[in-house]
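Report on the structure given below.
Number of protein chains: 4
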Amino acid sequence: MPIRFFTAGESHGPGLTAILEGMPAGLPLTGEGINRDLRRRQKGYGSGGRMQIEKDGIVITSGLMNGKTTGAPIALHVQNRDFKSWKERDITPITTPRPGHADLTGAVKYGYRELRLSLERASARETTMRVAIGAICKTYLRQFGISIDGYVAQLGDIVADLADMPLDERIARNEDNDVRCPDPVAAEKMHAAIRQVKIDKDTLGGIFEVVARGVPPGLGSHVHYDRKLDGRLVGAMVSIQAMKGAEIGSGFENAGKRGSQVHDEIVIDAGGKLSRATNRAGGLEGGISTGEPIIVRVAMKPISTMLRGAGSVDLATGKPNPTVYERSDFCALPRAVPVGEAMMAIVLADALLEKLGGDSLEEMRPRFAALRRNRLEDLPMDNMPWRFGYEV
Amino acid sequence: MPIRFFTAGESHGPGLTAILEGMPAGLPLTGEGINRDLRRRQKGYGSGGRMQIEKDGIVITSGLMNGKTTGAPIALHVQNRDFKSWKERDITPITTPRPGHADLTGAVKYGYRELRLSLERASARETTMRVAIGAICKTYLRQFGISIDGYVAQLGDIVADLADMPLDERIARNEDNDVRCPDPVAAEKMHAAIRQVKIDKDTLGGIFEVVARGVPPGLGSHVHYDRKLDGRLVGAMVSIQAMKGAEIGSGFENAGKRGSQVHDEIVIDAGGKLSRATNRAGGLEGGISTGEPIIVRVAMKPISTMLRGAGSVDLATGKPNPTVYERSDFCALPRAVPVGEAMMAIVLADALLEKLGGDSLEEMRPRFAALRRNRLEDLPMDNMPWRFGYEV
Amino acid sequence: MPIRFFTAGESHGPGLTAILEGMPAGLPLTGEGINRDLRRRQKGYGSGGRMQIEKDGIVITSGLMNGKTTGAPIALHVQNRDFKSWKERDITPITTPRPGHADLTGAVKYGYRELRLSLERASARETTMRVAIGAICKTYLRQFGISIDGYVAQLGDIVADLADMPLDERIARNEDNDVRCPDPVAAEKMHAAIRQVKIDKDTLGGIFEVVARGVPPGLGSHVHYDRKLDGRLVGAMVSIQAMKGAEIGSGFENAGKRGSQVHDEIVIDAGGKLSRATNRAGGLEGGISTGEPIIVRVAMKPISTMLRGAGSVDLATGKPNPTVYERSDFCALPRAVPVGEAMMAIVLADALLEKLGGDSLEEMRPRFAALRRNRLEDLPMDNMPWRFGYEV
Amino acid sequence: MPIRFFTAGESHGPGLTAILEGMPAGLPLTGEGINRDLRRRQKGYGSGGRMQIEKDGIVITSGLMNGKTTGAPIALHVQNRDFKSWKERDITPITTPRPGHADLTGAVKYGYRELRLSLERASARETTMRVAIGAICKTYLRQFGISIDGYVAQLGDIVADLADMPLDERIARNEDNDVRCPDPVAAEKMHAAIRQVKIDKDTLGGIFEVVARGVPPGLGSHVHYDRKLDGRLVGAMVSIQAMKGAEIGSGFENAGKRGSQVHDEIVIDAGGKLSRATNRAGGLEGGISTGEPIIVRVAMKPISTMLRGAGSVDLATGKPNPTVYERSDFCALPRAVPVGEAMMAIVLADALLEKLGGDSLEEMRPRFAALRRNRLEDLPMDNMPWRFGYEV
């Protein structure tokens with residue numbers, strides 16, 4: 028896997044850090060593209076008060092010279108502006124774990140009773156750095172005409188009506204409203220639903236979709252389980268805080284259909300170009316990209332921190348004690364969309380780098396141009412009588 | 028990741044091979060446990076003719092002495108009994124790719140026109156070795172009282188009624204019928220549905236569930252994206268041939284609910300034991316096992332190879348040409364259940380080995396016994412006034 | 028491999044960053060231990076002017092709360108104090124590559140002509156962060172009574188006379204002088220040799236030794252090539268800038284001897300404790316620690332940047348042009364010692380974490396106490412008649 | 028790392044297995060090239076009796092169709108012909124560990140008293156599969172004009188006089204005699220020395236050199252410690268059984284010299300081709316290949332199993348007991364040469380695959396042809412005024 032990265036940092040600590048190793052040299056990179064996605068991650072109806080405090084801005088201290096990557100590891104930093112106030116005031120220990128969060132599981136695993144020791148790291152604040160890294164990967168992919176975008180498809184029980192809306196339109200409209208839903212009618216209902224859970228001091232989740240357009244065929248591989256692009260994408264999505272499931276295209280819905288309704292007919296045009304009449308496979312067959320848009324749908328659970336409280340136990344006393352919070356998000360789904368985009372960008376940049384190899388953008392350009400592209404003429408004729416193995 | 032493995036082998040080649048690296052020494056292991064799961068993988072209504080030919084039996088040539096593992100890599104072999112006949116007859120080249128399979132994507136990626144070069148490896152025959160490796164991991168887990176089982180929850184559009192059936196009962200009944208569905212009424216309908224698609228020369232998929240019972244709390248971690256157990260489990264499942272989605276518990280359904288309906292209240296009993304009133308989280312919070320059963324649901328698409336054929340193109344001529352097959356499965360869902368179990372067993376054995384460390388079963392036993400188990404008294408009190416980092 | 032880390036940062040850029048993933052929770056950690064090793068890395072006769080400018084101090088922004096690690100990734104930062112001046116003045120491009128450095132190889136690999144794009148990262152300034160990470164690993168190892176130390180054994184052609192000096196004494200004296208050589212007579216000659224190469228505008232290298240004491244038997248493994256501790260140690264050493272070779276114990280010298288002169292007799296004392304009469308193996312047999320001190324010797328080439336210049340070519344003009352430098356180190360060997368210590372600490376902490384498993388220091392302590400320690404009674408009797416494999 | 032492999036198998040078990048993952052499609056491969064190196068590994072003066080018994084022959088059961096690789100994992104098998112006799116006779120337990128071998132360290136690590144449980148795997152018999160995998164990597168490298176060869180440079184205390192013999196000649200003569208030493212005078216002395224240790228029931232080691240010719244510049248990288256080609260090569264060498272040290276070029280000798288005597292002047296010819304006047308760097312600078320031959324020297328200790336016996340302890344009784352053997356090698360150095368070649372071939376094939384990327388030989392050929400080759404004109408002019416990072 029050519030791309031490797033670590034993120035570090037706690038939610039209320041001094042700041043967040045990430046190192047991205049494996050980006051080729053020569054990629055033009057400013058912080059603005061990154062900051063745009065950082066801002067998208069901080070914007071979305073349903074957030075609590077913190078998003079007013081933090082205005083994330085990226086600082087890059089290595090791997091970038093003269094506005095281009097050098098091939099060296101890229102160090103990224105985002106300050107927690109909130110930290111100053113935390114540094115000075117007295118902090119009350121937190122000992123009542125929230126159901127649904129890593130509070131209790133983290134405490135049991137690592138041996139804490141003060142839950143802040145796990146919750147500070149488990150917080151979705153960490154996704155800031157995934158978005159930053161993802162933005163660099165998007166910049167890389169964009170050099171080859173590949174774009175990654177996402178939108179909300181369902182919020183709580185409100186399902187957007189997207190069946191007849193082409194992908195391009197969904198994407199064009201994904202920033203039209205503060206719930207990131209391309210269906211304006213559904214968007215209004217979603218907005219109202221969030222308003223209501225605020226009143227009810229409850230929370231909501233939902234489903235978002237991320238789409239990659241312009242991906243060449245041939246990324247990923249069928250030859251070994253850990254090289255399959257579908258497993259890698261789905262695993263990356265569910266590694267995001269609060270995500271509980273993911274599917275390629277309409278994986279779960281298609282499971283209820285017949286083969287004849289699901290598989291995408293292969294067609295050829297006059298120029299010898301092979302393509303699909305439909306894209307029910309969501310852009311992947313056999314763990315390999317087909318050349319059609321890659322679509323992943325991700326299920327997010329409702330936020331664990333609920334102002335109404337939840338039944339729990341105070342670990343300091345061993346007595347039942349409901350969780351109590353004063354400030355929290357009510358629905359983070361719209362803000363999760365850029366995080367999902369980031370994870371897809373990282374996985375696809377990784378897969379593209381495997382396919383292209385090399386160390387600089389300049390070295391990769393002719394290689395990309397020469398990729399086989401579902402054209403019959405690209406495929407060598409190799410029909411000799413065949414046999415397996417050696418000496419068997 | 029302590030456990031590493033490779034599988035190798037083609038569907039009609041001389042045989043299948045796997046190497047499993049990272050198993051501790053001293054694990055009692057015979058081939059019978061493996062063969063039991065291999066047979067389960069070969070049994071299930073909806074299979075085509077091949078399952079009559081192959082009766083898989085494992086051969087272990089290394090890493091095992093005196094009936095116990097030695098800590099050395101374990102080499103596993105399964106012969107393809109079918110191979111003899113393939114060796115002698117003349118093989119017709121296959122040049123019309125099946126929609127839904129890796130035929131075309133593999134050909135484009137690797138530069139073939141003879142599709143056998145990709146389809147032989149992309150075949151689900153490969154899962155034989157995953158099942159074998161998974162059976163060893165199950166044996167390891169069983170030493171610590173952890174069991175892994177699965178069953179069919181939906182086949183085509185027939186949904187089993189499992190809401191009121193306890194997990195233990197679902198598992199007790201999962202081999203009651205040839206569709207591996209614990210709901211006998213649904214099972215009958217599923218059987219009939221497969222019979223009908225056979226007549227229609229079409230195919231079916233569905234949804235299965237895999238459950239791990241007895242898992243201690245604290246496997247996986249929230250601290251880094253690639254250590255989260257939910258992402259690892261879901262990624263492993265979707266790496267299986269034909270799987271298009273996976274969720275922890277009822278991830279997609281819960282995405283439509285409110286937080287107050289989804290999160291699992293934490294309760295404490297008189298002995299200071301913490302547990303959950305419900306298990307909607309599917310056994311994982313913050314990417315860490317809670318100690319409740321881990322439940323993963325997996326969506327399988329209908330089989331790609333359809334006797335009725337599918338629209339495609341003959342790569343030899345460039346002309347439209349429907350796929351033509353004489354022999355194929357109609358529904359492989361029941362047989363996919365042990366494959367899903369295997370992948371879960373591998374991921375959980377890996378996570379348990381991370382938690383326990385060490386090199387032999389004997390070394391691990393007291394470590395397992397000393398694991399923190401959601402008991403208040405296991406958690407050290409550590410509530411000193413706190414601060415972040417150093418010199419910030 | 029439980030421990031993973033990345034370093035980032037350029038020699039004259041704004042600063043250095045590292046992230047260390049995999050440290051258990053509960054390790055008491057202040058920056059002072061790290062700073063002590065950072066200062067050791069900056070001190071040693073033979074340095075050029077820069078060491079006067081930089082006084083490295085560590086900042087830790089994550090993974091550390093209340094003075095203890097939390098189990099989360101640890102982000103480390105060192106500012107380049109020099110950066111301010113670099114930010115403002117006009118930088119002359121460097122286009123004449125230095126023989127021996129990554130100047131030309133980096134330029135060819137990544138496609139640069141401005142050599143600063145590779146030399147800034149290739150600089151040994153990067154080892155600052157290895158030393159910082161290594162200091163954390165030393166702190167971890169020290170919890171279990173394991174210590175790592177190093178000293179200079181040869182500088183240029185001056186060989187220290189250490190044959191009769193016990194390891195403990197070599198280590199006790201390793202900071203006695205500014206060339207880090209425990210033999211005071213040799214140390215004086217080494218000092219003089221450096222003084223002379225300064226006059227001659229030339230450079231010197233040499234050989235240092237790193238020793239780990241208190242390592243329990245059983246780290247590493249013979250079962251697979253990439254788990255062998257000797258290969259891992261030697262590979263880590265030669266990954267340090269300017270290192271061209273490494274050996275376990277006196278590997279090269281022993282290659283010229285007979286087996287009867289090299290192998291270490293196994294003896295047993297009255298208490299059933301097995302040990303070795305000698306330690307010519309350097310603490311490793313079969314890629315596994317024996318329980319004796321682990322000794323690695325590392326060969327460092329003379330510094331590539333020479334004030335006298337070296338024959339080269341100006342890439343801007345294509346004309347022969349000697350390299351020209353105004354400021355440089357003359358001999359970095361004494362300062363390389365703590366870097367070697369750091370790499371050994373990282374490899375051994377990794378191997379110990381594999382052996383112990385778990386997530387917190389508290390969890391690991393009883394496991395360490397229970398390790399088998401070359402005592403006969405720890406080894407189970409298991410002499411049943413034996414056979415290989417299954418069904419073979 | 029594109030190339031991954033596992034080996035499995037015990038010395039006297041039924042056979043050896045390996046799986047190689049990551050080879051591109053389209054590589055012409057027969058077993059003969061592999062068998063040639065397997066035979067070289069079995070031939071060499073100084074072996075004991077076993078080499079008369081085993082005549083290794085490779086069987087390939089997957090990843091190979093029509094005599095070409097398919098891109099799928101390659102499964103390799105070598106039968107242990109000796110096994111049949113072992114299967115039937117009664118085996119005496121071995122309880123007296125040999126100094127120098129993994130007998131005792133393995134027993135302590137894994138918890139055995141019957142030493143066969145570790146020594147069967149620790150045996151150099153395992154290197155058979157490294158040689159097989161290395162032979163495939165050599166075949167891959169040869170497609171691009173890269174060759175890997177080795178020879179003995181020192182055996183016991185007899186040092187071959189190679190200073191004035193060009194590399195090509197050393198390689199041309201490396202199979203001239205049964206000690207694999209290109210210097211015929213030294214070869215005769217080496218032969219005699221082995222004859223003498225046979226009489227003395229003692230053993231010998233020595234130093235061999237492995238050389239890669241035709242390697243393009245730009246493999247490996249300076250940007251991160253684990254991507255440096257020198258560390259990877261040296262680590263791979265010392266992962267071989269009985270190897271205790273390794274150096275790039277004359278690393279240890281050069282450590283005693285001045286910079287002006289060590290570094291290789293850069294020169295340019297009329298055609299703009301940059302090269303080195305000498306190759307003291309052994310083909311690597313900054314962890315990157317220079318384009319000159321890569322030379323690694325490896326120190327092998329004398330064989331641990333000595334007919335004369337060595338002081339040890341019987342673990343069954345706890346009494347001092349010398350090791351007793353009836354059959355053993357006296358000097359395995361000549362036979363270690365092809366093992367060293369194999370490890371270098373694996374590391375370099377891996378590094379070349381990183382550089383080239385892609386999935387088939389056909390895809391890689393134009394990429395290889397376009398590599399930058401130390402020509403001035405290949406390096407883009409990029410001398411703009413420069414700055415570090417973003418927003419710093």
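Chains as they are written, first to last, in this note's numbering: chain R, 28 to 419; chain P, 28 to 419; chain F, 28 to 419; chain X, 28 to 419. Glycine residues also receive a C-beta, built at the ideal position from the N, C-alpha and C atoms. Quantities reported herein were computed from a predicted structural model and do not represent experimental measurements.
Listed in chain order, the alpha helix (DSSP H) elements of length 4 or more contained wholly in the segment 176-227 of chain P are 194-199 and 211-226. Scanning chain P for C-beta atoms nearer than 8 Å to the C-beta of N281 (chain R) yields G232, K271, A326, K328 and P329, reported in chain order. I160 (chain P) and L194 (chain X) have their C-alpha atoms spaced approximately 47 Å apart. Per DSSP, P407 (chain P) lies in no alpha helix (DSSP H) segment and is marked neither H nor E. L131 (chain F) has its alpha-carbon roughly 22 Å from the corresponding atom of L231 (chain F). DSSP lists P:A45 as the bridge partner or partners of T34 (chain P). In this structure, G276 (chain X) lies near A308 (chain X), with their beta-carbon atoms less than 8 Å apart. Listed along the chain, the chain R residues whose CB falls inside 7 Å of the CB of V250 (chain P) are R148. Counting only residues of its own chain and dropping the five nearest sequence neighbours on each side, S387 (chain P) has a CB closer than 8 Å to the CB of P51, A52, G53 and G98. Taking 8 Å as the cut-off, the beta carbon of F357 (chain X) is found no closer than this to the beta carbon of F171 (chain X).
Shown here for L398 (chain R): same chain residues with a beta carbon closer than 6 Å to its own, the five before and five after excluded, namely P243 in chain order. Comparing alpha carbon positions, the residue from R:T317, R:F32, R:E37 and R:E48 closest to W113 (chain R) is R:E37. Taken through DSSP and simplified to helix, strand or coil, F110 (chain R) comes out as helix.
The beta carbon of I61 (chain X) sits closer than 6 Å to the beta carbons of I85, A159 and A162 from its chain, once the five residues preceding and following it are set aside; these are given in chain order.
In the structure shown, the three-state DSSP call for F171 (chain F) is coil. Near chain F, meaning a CB-to-CB distance below 9 Å, the residues of the segment 86-100 of chain P are V86, I87, T88, S89, G90, L91, M92, N93, G94, K95, T97, G98, A99 and P100. Straight-line measurement puts the Cα of A220 (chain X) at about 42 Å from the Cα of L379 (chain F). In its chain, beyond the 5 residues on either side, P349, T350 and V351 have a beta carbon closer than 7 Å to the beta carbon of G336 (chain X). By a beta-carbon distance limit of 8 Å, L65 (chain X) does not contact T166 (chain X). Their separation comes to about 14 Å. When DSSP states are grouped into helix, strand and coil, F279 (chain P) belongs to the helix group. For R335 (chain F), no alpha helix (DSSP H) run applies, since DSSP gives it neither H nor E. Around E389 (chain P), the beta-carbon contacts reaching into chain F at under 9 Å are P407.
Around the beta-carbon of T96 (chain R), 16 or more other beta-carbon atoms lie within 10 Å, marking it buried.
One thing to note: E147 (chain P) has its Cβ within 8 Å of the Cβ of G40 (chain P). Cβ neighbours of A376 (chain R) within its own chain (closer than 7 Å, five residues either side excluded): I30, C164, Y167 and L168. Interface flag for H128 (chain X) against chain F is set, since a Cβ pair is found closer than 8 Å.
DSSP places L146 (chain F) inside the alpha helix (DSSP H), whose first and last residues are R143 to A149.
For S248 (chain X), the secondary structure class from DSSP, reduced to helix, strand or coil, is coil. Nearest C-alpha to A359 (chain X) among X:F110, X:K82, X:I198 and X:A151: X:A151.
Sequence-ordered contacts of the segment 279-303 of chain F with chain X read F279, E280, N281, A282, G283, K284, R285, G286, S287, Q288, V289, H290, D291, E292, I293, V294, I295, G299, L301 and R303 [C-beta pairs closer than 9 Å].
For a Cβ distance threshold of 7 Å, residue set V86 and T88 of chain R lies close to V419 (chain X), ordered along the chain.
Taking 8 Å as the threshold, the shortest C-beta distance from G313 (chain P) to chain R falls below it.
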